[in-house]
Structures are given as structure tokens and as C-alpha cells.
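Structure first, commentary second.
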Amino acid sequence: HCGCLENWAFICFCESWISDSDCRKSGNHKLVLKIAIPAGACLFILTALIVGLFYLKKRKFQSQTSFSRITSYNHMRSDLESGSSFFGIRVFSYMELQEATNNFDPDCILGEGGFGIVYYGKLRDGREVAVKRLYERNYKRVGQSINEVEILIKLKHPNLVTLYGCTSRHSRELLLVYEYIPNGTVADHLHGDRSDSTSLNWTARMKIAIQTADALSYLHASEFVHRDVKTNNILLDNNFSVKVADFGLSRLFPLDATHVSTAPQGTPGYLDPEYRKYYQVTNKSDVYSFGVVLIELISSLPPIDISRDEGEINLSSYAMNKIQQGALEELVDQKLGFKSDFKVKRMVILVAELAFQCLQQEKEIRPSMEEVLEALKRIESMDYEAMEAEEMSRGLQTSNPASRTAGSEVEQPLRNAQNPNSLPKSEIGSWTSRSTISDTSG
527 HCGCLENWAF ICFCESWISD SDCRKSGNHK LVLKIAIPAG ACLFILTALI
577 VGLFYLKKRK FQSQTSFSRI TSYNHMRSDL ESGSSFFGIR VFSYMELQEA
627 TNNFDPDCIL GEGGFGIVYY GKLRDGREVA VKRLYERNYK RVGQSINEVE
677 ILIKLKHPNL VTLYGCTSRH SRELLLVYEY IPNGTVADHL HGDRSDSTSL
727 NWTARMKIAI QTADALSYLH ASEFVHRDVK TNNILLDNNF SVKVADFGLS
777 RLFPLDATHV STAPQGTPGY LDPEYRKYYQ VTNKSDVYSF GVVLIELISS
827 LPPIDISRDE GEINLSSYAM NKIQQGALEE LVDQKLGFKS DFKVKRMVIL
877 VAELAFQCLQ QEKEIRPSME EVLEALKRIE SMDYEAMEAE EMSRGLQTSN
927 PASRTAGSEV EQPLRNAQNP NSLPKSEIGS WTSRSTISDT SG
């Protein structure tokens, strides 16, 4: 319907719109549709993208929240375990030990061995501890190692370092916490940093020998092999009493675990020569290593010294050569009073005889640690005053021991060389061996 308005304006009333010309569909309407449809589609896609991004962001937030809850739970669980005790094991949190060692400050390092690095630490309650950080990727799974720690912590002996506990099963790494022994190692006092400031007299050295043998004998009776007996693993407290360290740690390592400097099977200079043949460590391997320790106590010399002649670089070889040549006096630390004190001289000779037996290449010839311990106790308890008086009554020149050479002590054959129970009764004669100790002991 088209017509004119009162102002003579022409207008058409169409079905769904009003026009100023006619009701025929024009191209303008098509153009509007062409623009409106794509615009609507774009708007729909944009809306879908916004909704999708919002959904993904929401899921990510929920995932992070869940992870945070799990992490928080693990931390809470570790914190709950910290300070508690499981099967007799005191559990420490990683953060607690990190704080105690000042974030494992290199200045806190007490020593380094075949199993790990030991740090000095101070707990929040003021206790001083030694924290052993095992070499990464070398030890067994933390959970499996905890099972071994449960066994180690049951070993109780006055001459073994006390194992307080370790980190939780859920810790990032395994840390062992021991009592702190303040007076260094036997190696420090014999030929290390403390050798100039302190001098161990023979009485102190015999005490060290007996207490170390006692600890090793206890381990063997408990079916443990130490595997790394050496003066660096024999600690001393302020009373110069022995605390043997690193016992049983080989149980925490797989059989093929090694380290650059040392391996859990032993340390150069102390290593059982039979290990090179059979690659098996036994309690007699500990006996061999202890024989080297006895020679160190007699001589104050290190187990390895490249300044010595070829074939004598290892102390065991050097000692056996001197003994077999009748030159024991050349081996003994002269500060011990070997030339001037009858008792010291006799005890040193008997201990050297015992060391000689421990250093036999064939393990069957070596005494057990229990036999070694009993022999040392008898050597210490002998009545040397009566012995000296008896020799004087025979007209021997014992009133001036310096006038006698070491060679005069080695004229008779060595009696009962394979029976340490007879050692205190024997006179040291020509030092013989069923096997020659070569320079292959590590």
C-alpha cells in the first residue's frame, strides 16, 4: 500500500518494512544479510574460544590445587615423621639437617670417604652431630636403604660411633646422622694435621689397638664385615677412646657401586690381597686391614707413601721387609721409647709379631679378630717388670736396652706363628712367612 502523506511525502507500507519508493526487495537487504551472517559466525566462534579458554584455565587451576594439596600432604607427613621414631630409628627432616649444616656448607666438611661426605652439624636443641651425605645415585633406593639402616642402628658397642637416625623415606636423599666425635681420627694424630701438636704415647696406642679390635670382633660376631678398616675410620674422643666409623655402610650400596677415590670394598694400602684374586671381602679382609693399622701404630707412617722405594710404597710391604731383615728398630717410631724402655720394646715386638700374622696373604693363615683381641689383651697385661727382673738375673743386658740391637731380638725361629693365643709367651725370632707379602695389597 503506497500513498502520500499530508506533507506530500511518498511512502509504501510493505509486509515487513516501510519504503519511500516501493515494496520490491532491493540489493541493500541482500548486502545486509551478507554482512550479518559472517559477523554472527565470527561472534559465535569467538564466544566458543573464550568459553574454551576459561574451561582450560579452570582445569589447570584445579590440577595445581590438587598437586599443591599432595605436596603439602607429603611435607606435612615428612614433618610429622621428623622427630619421631620408627623401629628405633630417629627420623630427621631434610630441612632440619640442611639448616644444621648451614646448607651443607663446604666449611662444615669433616671428611670424605668411599661412601660419602661427612658434615659437621648442630641441631636446634644444641646437639652436635656428624651428617653423612651419601654420594648421589650410588646408594640403593632410599626406602631400601632405610631397611638396612634399621639393621645398622641395632648395633650397639662403646667403641662404635652411635648412629642416631636418618632422613625420612620420603626425603629427596638419604642422610645419616651420627654422634659427633671431636678429637679427629687416628690418622690425624699419627701422620696427619694433629701429629705435630699431639704425640700418642705407647699406652694410648695400645688402648686404640685393643678398643678397635674389640669393635671389629663385635661386628664379626654380629655377622658384619666392616670392609673399610683404616685409621681414617677410627675416631677419637677427648679421652682418646676409640669410635669406629663407617661400619656396615656397604650394605647401602649395590655390589657394583664405586667412587673415584675409594670403593666400598676397601682403601688402597689396606686392601686384602686376596680380594684382587676372588673379589670377595670376608672377615679375614678386616683382619688384614687391621694388621696395617697395627703397623701404623708402631711406626706412625702412612699406609701409602710414594717417596719410599719401589716395592715399599705400601706400608705392609715396607714393614714385612724390615721385619724379615731383622730391622724392626728402623720401622718403629723412635718417640715411643723403643730403645730406652724395656716394657715398650717388648710390647712393640709382640704387637709387630701379631701384625705379621694379620698381614699374611693367605686368609686361612690369619687369626680371627676375636683371637687378635685376646692376644692384644694378654700383651697388655703381661708382667714386664718381672720379665725384666728375670732377664737381669740371667745376666742379660736389659738394664740398658739401647745397647742391644733389634737384630739380637730375632735370632731364634718364630714359634707358634699361626697361633696368636701363644703370642705373649713367644720370643720373636727370625721373621718368616709362608707367603711373601708383595706390593699388591692395594
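Residues in the sequence shown are numbered from 527 upward in steps of one, following this note's numbering. For each residue, glycine too, the CB sits at the ideal point set by N, CA and C.
Buried or exposed: where does residue i fall if 16 or more other Cβ atoms within 10 Å of its Cβ makes it buried?
i      : result
Lys518 : Past the edges of the chain, shown from 527 to 968, lies residue 518, and the structure says nothing about it.
Val969 : Since the displayed the chain opens at 527 and closes at 968, residue 969 lies outside it and no answer follows.
Gln887 : buried
Ala567 : exposed
Pro632 : exposed
Lys583 : exposed
Ser815 : buried
Arg585 : exposed
Met918 : exposed
Gln883 : buried
Pro893 : buried
Ala912 : exposed
Val726 : Note that residue 726 is Leu in the sequence shown here, rather than Val. So Leu726 counts as buried.
Across which residues does DSSP place residue i in a beta bridge pair?
i      : result
Phe618 : Thr693
Arg653 : Answer by DSSP bridge pairing: none, since Arg653 is not bridged.
Tyr910 : DSSP lists no partner for Tyr910.
Lys583 : According to DSSP, which records beta bridges pairwise, Lys583 is partnered with nothing at all.
Lys733 : Bridge partners of Lys733: none, in fact.
Leu686 : Val770
Ile677 : Bridge partners of Ile677: none, in fact.
Glu638 : Ile643
Leu660 : Gly642
Leu761 : Thr711 and Lys769
Using the Cα positions of residue i and residue j, report the straight-line distance between them to the nearest angstrom.
i      : j      : result
Asn628 : Asp651 : 15 Å
Ile821 : Ser697 : 42 Å
Glu800 : Leu885 : 11 Å
Leu823 : Leu716 : 7 Å
Ser842 : Cys692 : 37 Å
Ala881 : Val644 : 30 Å
Thr738 : Ser721 : 20 Å
Ser833 : Leu678 : 39 Å
Lys733 : Tyr805 : 33 Å
Glu749 : Asp763 : 26 Å
Leu972 : Leu569 : A question about residue 972 goes unanswered here, because the residues of the chain that appear run from 527 up to 968.
Tyr661 : Ile635 : 14 Å
Arg920 : Tyr910 : 15 Å
Ser619 : Glu705 : 17 Å
Cys538 : Leu572 : 40 Å
Asn709 : Ser825 : 21 Å
Trp728 : Val813 : 21 Å
His707 : Gly718 : The sequence given here has Ile at residue 707, not His. Using only the alpha carbons, I get a separation of about 17 Å.
His601 : Leu689 : Its pLDDT being 44, under 50, His601 is placed unreliably in this model, and the coordinates cannot settle the point.
Taking Cβ to Cβ, would you say residue i is nearer than 8 Å to residue j?
i      : j      : result
Glu856 : Lys869 : no
Ala771 : Val703 : no
Ile615 : Glu676 : yes
Gly795 : Ile760 : no
Phe773 : Leu745 : yes
Leu979 : Leu649 : Since the first and last residues shown for the chain are 527 and 968, residue 979 lies out of range.
Tyr844 : Glu838 : yes
Val755 : Val819 : yes
Val858 : Val874 : yes
Ser792 : Arg753 : The residue you asked about is not Ser; residue 792 is Gly in the sequence shown. Closer than 8 Å, so yes.
Ala626 : His683 : no
Val768 : Asn685 : yes
Asn758 : Gly639 : yes
Phe641 : Leu854 : no
Phe630 : Arg659 : yes
Ile905 : Leu876 : yes
Lys889 : Lys803 : no
(request) Any chance you could list the alpha helix (DSSP H) runs of at least 4 consecutive residues sitting entirely within the stretch 791-873, in chain order? (result) Within the stretch 791-873, the complete alpha helix (DSSP H) runs of at least 4 residues fall at 801-804, 809-825, 841-850 and 854-857.
(request) Kindly provide the ranges of any beta strand (DSSP E) runs that are 3 or more residues long and lie completely inside the stretch 696-724, ordered along the chain. (result) The beta strand (DSSP E) runs of length 3 or more contained entirely in the stretch 696-724 are, from start to end of the chain, 701-705.
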